[in-house]
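Just below is one structure, and these are the notes that go with it.
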Amino acid sequence: MAYFAVFVTELDNSKKEQYFADHMKYLDDLREQGKIIANGKLTDGSLGLIIFRGESQAEVEDILSRSPFAIHGVREFKVHEWAAKWGPDI
Numbered sequence: 012m013a014y015f016a017v018f019v020t021e022l023d024n025s026k027k028e029q030y031f032a033d034h035m036k037y038l039d040d041l042r043e044q045g046k047i048i049a050n051g052k053l054t055d056g057s058l059g060l061i062i063f064r065g066e067s068q069a070e071v072e073d074i075l076s077r078s079p080f081a082i083h084g085v086r087e088f089k090v091h092e093w094a095a096k097w098g099p100d101i
């Protein structure tokens, strides 16, 4: 099992409201499955960040390609494998 940092950038914000609820439901389902560890936006609004747990970068990219935001060109997802070091409480 590996960890992946996914940086989320805006492509077409005019469609955000239309697909936001579906996108968040998609992420909530992945969180319940244990695939997403955390997600959210940076407070300055410049990026979103999703931390994934998965078998491979290809798996994570495939999962993200099915997000309503990806399907409708609202956001772009850049996946990077992450050599995470966790603190004792995680």
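The letter at position 75 of the sequence shown is residue 86 when you use this note's numbering, and the numbering goes up by one with no holes.
Ideal Cβ placement from N, Cα and C applies to all residues, glycine included.
C-alpha of Y30 to C-alpha of W93: approximately 28 Å in a straight line. Counting other Cβ atoms within 10 Å of its Cβ, S57 stays below 16 and is therefore classed as exposed. As computed with DSSP, H91 is found in a beta bridge with A16. Counted as a single uninterrupted DSSP element, the alpha helix (DSSP H) harbouring K27 occupies residues 27-43.
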